[in-house]
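Sequential numbering of the sequence shown, starting at 624, is according to the numbering used here. Using N, Cα and C, we set each Cβ at its ideal position, and we do this for glycine too. Take a look at the structure set out below.
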Amino acid sequence: MNWSNPSDKIADHGAAGSRHGLLITALLLCAMLLLPTQSAQSASSYTVTETVEIFEYDLHEPDAPATPASVAHGQYGPFRVIAADTVEMTGTVDSYTPALFRQMIRDFPAIRRIEMLDCDGSVDEEANLRLARMIRRAGISTNVPAQGSVRSGAVELFLAGVTRTAHPDAEFVVHSWMDENGREARDYPASDPVHAEYLDYYTDMGVPLPAAQAFYALTNSVSFSEQLRLSRHDMAHFQLLH
624 MNWSNPSDKI ADHGAAGSRH GLLITALLLC AMLLLPTQSA QSASSYTVTE
674 TVEIFEYDLH EPDAPATPAS VAHGQYGPFR VIAADTVEMT GTVDSYTPAL
724 FRQMIRDFPA IRRIEMLDCD GSVDEEANLR LARMIRRAGI STNVPAQGSV
774 RSGAVELFLA GVTRTAHPDA EFVVHSWMDE NGREARDYPA SDPVHAEYLD
824 YYTDMGVPLP AAQAFYALTN SVSFSEQLRL SRHDMAHFQL LH
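Given below as structure tokens:
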């Protein structure tokens with residue numbers, strides 16, 4: 624029998640065990656190295672979806688704001704201030720016009736002239752006569768320019784001017800007045816105070832009484848639904864211009 628040294632057997636067994644241990648250790652190290660990496664990758668792996676909106680802007684340099692005379696100086700009902708001392712009048716007098724006129728005079732106290740371009744009368748005769756007296760108290764002159772037209776109750780406003788002028792082409796249109804009940808001047812007796820109201824107004828505006836009576840009779844000879852056109856020459860005949 625061949626006996627080997629027991630220590631050699633132990634050594635061989637130890638060497639084998641050592642190799643086996645090293646292999647296991649190596650495998651464990653690989654596992655330890657791989658597992659964190661896979662775990663980190665698994666934990667940090669995600670998909671990001673980003674929506675990007677693209678806006679397109681058209682840039683324009685703003686135009687200089689327009690400043691028409693009606694805005695630059697002021698619009699007050701039928702009155703448009705075109706200069707510190709002058710206004711143009713176009714349109715109709717209503718119940719609010721006297722208050723608007725008063726505000727205009729507060730804002731522009733130097734106003735001294737009204738150019739009556741296209742004035743078709745009033746829808747409130749009481750307000751119209753009140754406005755006329757306000758024009759006179761303010762010391763304002765009235766003028767009807769070329770192709771200007773002054774009609775119905777606007778003729779009373781024209782007479783309010785401290786001086787009254789008109790272009791040869793100016794037009795004046797008159798007819799009888801009508802009250803809220805549909806009654807005209809001819810429907811009231813000559814002695815009715817309503818007539819005196821108009822005659823007093825004319826004389827207060829400097830029209831001689833005979834001329835005022837003749838002009839008032841002429842206007843009332845035409846019914847409210849009709850029109851009588853007068854020229855500058857006709858108005859001068861009744862001493863309504865100066």
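Going by DSSP in three states, residue i sits in which element: helix, strand or coil?
i	result
VAL778	helix
SER846	coil
TYR821	helix
GLN862	coil
MET801	strand
PHE933	In the structure as shown, the chain begins at 624 and stops at 865. Residue 933 is therefore absent and cannot be evaluated.
ILE677	With a pLDDT of 46 at ILE677, under the threshold of 50, the predicted position of this residue should be treated as unreliable, though the coordinate-derived value follows. Of the three classes helix, strand and coil, the one that applies to ILE677 here is coil, per DSSP.
TYR811	coil
ALA837	helix
ALA722	helix
ARG852	strand
ARG703	strand
Only counting the same chain, and skipping five residues up and downstream in sequence, which positions put a Cβ closer than 8 Å to that of residue i?
i	result
PRO938	Nothing about residue 938 can be read from this structure; the chain reaches only from 624 to 865.
Which residues does DSSP list as the beta-bridge partners of residue i?
i	result
ASP741	THR713 and SER772
ASN766	GLU738 and THR788
ARG756	Looking at the DSSP assignment, ARG756 forms no beta bridge with any residue, so it has no partner.
Cβ of residue i within 7 Å of Cβ of residue j?
i	j	result
THR713	LEU754	no
SER745	VAL716	yes
GLN850	HIS798	yes
THR720	GLY700	yes
ALA789	ARG852	no
VAL838	MET801	Checking the sequence shown, residue 838 turns out to be Phe, not Val. Taking 7 Å as the Cβ cut-off, PHE838 and MET801 do not qualify as a contacting pair.
VAL773	CYS742	yes
LEU782	MET828	yes
With a CB to CB cut of under 6 Å and the five nearest residues on each side skipped, what residues in its chain are close to residue i?
i	result
LEU780	ALA755
SER775	GLY744
GLN770	ASP792
GLY784	SER764 and THR765
Considering only residues of the same chain and omitting the five flanking positions on each side of residue i, which have a CB-CB separation below 7 Å?
i	result
ALA835	LEU822, TYR825 and THR826
LEU752	GLU779 and TYR824
ASP708	ALA733, ILE734, ARG735 and ARG736
ALA840	none
Less than 7 Å between CB atoms is the rule here; does residue i satisfy it with respect to chain B?
i	result
GLU849	In summary, chain B is missing from the structure at hand, where a single protein chain is found.
Could you tell me whether the stretch 766 to 773 touches the stretch 785 to 795, using the rule of 3 or more Cβ pairs below 8 Å?
yes
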